[in-house]
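**Q** First residue of the sequence shown: 4, per the working numbering; consecutive thereafter.
Shown below is the structure under consideration.
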Amino acid sequence: MLKSLFFFIRFFLFWLLFFFIDRLIFIFINHQKLAAVSFKETAATFYYALPLDLSMTAYITVIPLLSYIYWLLNGRKIIELKWVSVYNTILVLICSILSVVNFNIYREWGSKVNSKALGFAFSSPKEAMASSASSPLGLSISLLILLTALGLFLQHYVVSRKLTFTANPIWARISLCVVLVGANFLLIRGGMGVSPITQSRAYFSKEQVLNHASVNTEWNLISSLISAKMTKNNPYQYLDSKLAEADVKALYSPLKDTTINILQTKRPNIVLVIIESFTADLTKTLGNENGITPHFDSLINKGVLFSQIYSSGNRTDKGLIATLAGFPTLGTGSIVKWPEKMQKIPAISQPLYKSGYKTSFYYGGESEFDNYKAFILSHDYQKLIDKNNFTGNEMKSRWGKFDELVFQKQLEDLNKEKQPFFSTILTLTNHEPYDLPGTSKFGKADNIANFKSTAYYTDSCINAFLTNAKKQPWYKNTLFVFVADHGHLLPKNIHDISTPQRYHIPLLFYGDVIKDEFKGRKFNNIGSQTDIAATLLAQLDLPTKQFEWSKNLLNPYSKPFAFFSWDNGMGFIDNQQCVTFDNVGKMVLYNSNEKDPIHTSKTLDYAKAYLQNVYRQFIEL
4 MLKSLFFFIR FFLFWLLFFF IDRLIFIFIN HQKLAAVSFK ETAATFYYAL
54 PLDLSMTAYI TVIPLLSYIY WLLNGRKIIE LKWVSVYNTI LVLICSILSV
104 VNFNIYREWG SKVNSKALGF AFSSPKEAMA SSASSPLGLS ISLLILLTAL
154 GLFLQHYVVS RKLTFTANPI WARISLCVVL VGANFLLIRG GMGVSPITQS
204 RAYFSKEQVL NHASVNTEWN LISSLISAKM TKNNPYQYLD SKLAEADVKA
254 LYSPLKDTTI NILQTKRPNI VLVIIESFTA DLTKTLGNEN GITPHFDSLI
304 NKGVLFSQIY SSGNRTDKGL IATLAGFPTL GTGSIVKWPE KMQKIPAISQ
354 PLYKSGYKTS FYYGGESEFD NYKAFILSHD YQKLIDKNNF TGNEMKSRWG
404 KFDELVFQKQ LEDLNKEKQP FFSTILTLTN HEPYDLPGTS KFGKADNIAN
454 FKSTAYYTDS CINAFLTNAK KQPWYKNTLF VFVADHGHLL PKNIHDISTP
504 QRYHIPLLFY GDVIKDEFKG RKFNNIGSQT DIAATLLAQL DLPTKQFEWS
554 KNLLNPYSKP FAFFSWDNGM GFIDNQQCVT FDNVGKMVLY NSNEKDPIHT
604 SKTLDYAKAY LQNVYRQFIE L
């Protein structure tokens, strides 16, 4: 009977070896990020990975274990294990596919494959294919074949193909079953500790690539899928609730409620341009990059620039909500994923609509993507234009219609629109796989060149739009607001997901409606994408109280700060310091002022209090 236990030992060994190979490939793919890391620290990844690898293997073992118990208790002597080979083959193929997807997602998002990525793939397969088009296809296919082949090879030589049982009394067989079930349960749970195993068990390094490599990909995905369904409990309960609320209240309580009035009128037309991936690094003014956005840089000298603005998150769904609703990201996603909650938060379009504005939204892609349409139509946008409003003969990318066509459509419609109007456009061309309708300004050597080229293209579209708009009678009474939906790793390719530079974006108010004395003015205090709502509405003398997560950037008494987050990570920045924190590993990832531990602690408390309160409100909605 005990000899049959070798089946489980060999079964566990096989899966541990498979996860070892998967991790080795992940580290190799990301080796450039580990150039300064010692071999010893890199090798430690495999040791710290064992608990989650064992837990995942124990999950996989459940079905073979139940079958083993059935055979054992029924007195079988010899069992052929062909079905186990089929079972393993299917799982090897699934895990190999997940691993290759993970390699590519990590390159783009800086996080492992999770429920968001899976939901993206199933709910919007066309967009998912378009987003993945910039991934190296040949390498991905090669890795898939390699992982699958190695998995099948290992299975052939490691996993037993036959089980032999010897006669034993029933009490001994039952006892063995209890021991096996108990041992497997403990491996799944991660031991006999007070709390079950989490990703934190795998975290050990200051290098996030190693921590992410250490976390089992399949285990992480399962955990993410389970967590995505849990909206009743606050996973970010760091501080006493009253203290956390007091901290956040202090952030949004200026000594004086006032504003610098930069507009010549209280009822201008407003065109809000949300630019895909328009990170500050693309511009000469903020990123010291020459020739990528020449037209936008020229606008800065004639408008009002907010030079220290940070996006709320790292994806468009987060940036859209932060910009239009002034609502921050949730640490693991955006409120737009929960329509019943999303509909309860305000948006800029609502008070403008009630004040007599004609409202419209333009997007060249599928407006159903990521619940954009649900948000737009539930927040008093009277008109929604997306790819379905264009003819099939017009040029398009894999994401939808190119920016120039959407700007042209918006301009045509605004020429017939009753004033005042509030019109929003969300661009899309500057998104992977970086398709272009014409020649690439910076070539196609790599993704950096492609990214620069699509950014240059969008910049030229903005210039053409403004050039034509200037010929229209409504132009002189129009405020143009330009902002990015989020920052980006490119074009510099040096900013990790946990660094503030990854979230630095431009915010520009532009137009003849701005008073002459403010044209070319730069405001350098720290601010957030979420602050657009309060800032814009204050210029119109409209109430801002309902936008409780938004502050007026043109109020000299507003506290300068910004909060941003990514998948289970968060950052807080003010004029003195920036601190970012990993919610899984419970560690500081970035600290711009390590010599001041007191202020570091306070800054971190602000970040924790902020996310804790945002999520609390999300639960209560």
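Yeah, the Cβ is synthetic: ideal placement off N, Cα and C, and Gly gets one too.
Treat the numbers as computed from the prediction; the structure is a model and nothing was measured.
With a threshold of 16 other CB atoms inside 10 Å of the CB of Q211, please say whether the residue is buried or exposed.
**A** Result: buried.
**Q** Would you give the residue range spanned by the alpha helix (DSSP H) that H215 belongs to?
**A** Looking at the DSSP string, the run of the alpha helix (DSSP H) that includes H215 is 211-217.
**Q** By the three-class DSSP mapping on this structure, what secondary structure does K245 have?
**A** In this structure, K245 counts as helix in the three-state DSSP scheme.
**Q** On the premise that C464 lies in contact with F410, defined as a C-beta separation below 8 Å, what is that separation, rounded to the nearest angstrom?
**A** With a Cβ gap of about 5 Å, F410 and C464 count as contacting.
**Q** Tell me the DSSP bridge mates of G574?
**A** Its beta-bridge partners are F567, T583.
**Q** So Y560 and P257 are in contact, right, with Cβ under 8 Å, and what is the actual spacing, rounded?
**A** The Cβ separation is near 4 Å, so the contact holds.
**Q** Considering just the uninterrupted stretch of the alpha helix (DSSP H) at A61, what are its terminal residues?
**A** Note, A61: alpha helix (DSSP H), 53-76.
**Q** With DSSP as the reference, please indicate the residues paired to V276 in a beta bridge.
**A** Looking at the DSSP assignment, V276 forms a beta bridge with I428, F485.
**Q** To the nearest angstrom, how far is the alpha carbon of G403 from that of G367?
**A** About 5 Å.
**Q** Starting from H298, follow the alpha helix (DSSP H) in both directions and report where the run begins and ends.
**A** 297-303 is the extent of the alpha helix (DSSP H) around H298.
**Q** With a Cβ-Cβ cutoff of 8 Å, do T332 and N571 count as a contact?
**A** Contact: no.
**Q** What would DSSP say about S561, mapped onto helix, strand or coil?
**A** The answer is coil: DSSP assigns S561 none of H, G, I, E or B.
**Q** Please list the segments of the beta strand (DSSP E) lying wholly inside the region 368-435, counting only runs of 3 or more residues, in order along the chain.
**A** Within the region 368-435, the complete beta strand (DSSP E) runs of at least 3 residues are 386-388, 424-429.
**Q** State the DSSP-derived secondary structure class of P238, mapped to helix, strand or coil.
**A** If DSSP states are grouped into helix, strand and coil, P238 belongs with coil.
**Q** For L57, is the classification buried or exposed, using 16 other Cβ atoms within 10 angstroms of its Cβ as the cut-off for buried?
**A** Flag for L57 reads buried.
**Q** What residues match up with T362 in a beta bridge as DSSP calls it?
**A** According to DSSP, T362 bridges with F425.
**Q** Tell me, which residues are paired with S531 by DSSP?
**A** For S531, which the question treats as bridged, DSSP gives the partners Y313.
**Q** Just curious, the beta strand (DSSP E) that L166 is in, first and last residue?
**A** Counting along the chain, the beta strand (DSSP E) containing L166 begins and ends at 165-167.
**Q** Given 8 Å as the limit, is there contact between the region 175-190 and the region 93-107, that is, 3 or more CB pairs closer than that?
**A** Segments in contact, no.
**Q** To the nearest angstrom, how far is the alpha carbon of V486 from that of D534?
**A** Their Cα atoms are separated by approximately 12 Å.
**Q** To which residues does DSSP link Y593 through a beta bridge?
**A** According to DSSP, which records beta bridges pairwise, Y593 is partnered with T583.
**Q** Give the DSSP bridge partners of L511, in chain order.
**A** The partner list for L511 (beta bridge, DSSP) reads L308, F485.
**Q** How is K357 classed by DSSP in three states: helix, strand or coil?
**A** Helix.
**Q** Express the C-alpha separation of K598 and G514 in angstroms, rounding to a whole number.
**A** Using only the alpha carbons, I get a separation of about 44 Å.
**Q** So is W174 buried or exposed if we call it buried at 16+ other beta carbons inside 10 Å?
**A** Classification of W174: exposed, given that the 10 Å Cβ count is below 16.
**Q** What is the C-beta distance between G576 and I529, in whole angstroms, given that I count them as a contact (C-beta under 8 Å)?
**A** First, the residue type needs correcting, since residue 576 is Ile and not Gly in the sequence shown. Confirmed, Cβ separation roughly 6 Å.
**Q** Cutting at 6 Å between CB atoms, please list the residues of its own chain near K479, excluding the five before and the five after it.
**A** D515, listed in sequence order.
**Q** Check the DSSP bridge columns for E83 and list the partner residues they point to.
**A** E83 pairs with K165.
**Q** Output the distance between the C-alpha atoms of N236 and I348, rounded to the nearest integer angstrom.
**A** If I take the Cα positions, the gap works out to 20 Å.
**Q** Need the endpoints of the beta strand (DSSP E) that F445 sits in, please.
**A** Premise fails: F445 is in no beta strand (DSSP E) and is neither H nor E.
**Q** Measure the beta-carbon distance from I428 to V307 and round it to whole angstroms, keeping in mind my assumption that it falls under 8 Å.
**A** The Cβ separation is near 20 Å, so there is no contact.
**Q** Under DSSP, the beta strand (DSSP E) around R524 begins and ends at which residues?
**A** 524-526 is the extent of the beta strand (DSSP E) around R524.
**Q** Between which two residues does the alpha helix (DSSP H) holding D499 run?
**A** Taken as a continuous stretch (DSSP letters only), D499 belongs to no alpha helix (DSSP H), as it is neither H nor E.
**Q** CB-CB under 6 Å to S314, same chain, minus the five flanking residues each way: which ones, in chain order?
**A** Same-chain partners within the cutoff: G322, H489, G490, Y506, I508, Q532.
**Q** Does the Cβ-Cβ distance between I263 and L510 come in under 8 Å?
**A** No.
**Q** Please report the distance separating the alpha-carbon of P440 from that of E407.
**A** Distance between the alpha carbons of P440 and E407: 10 Å.
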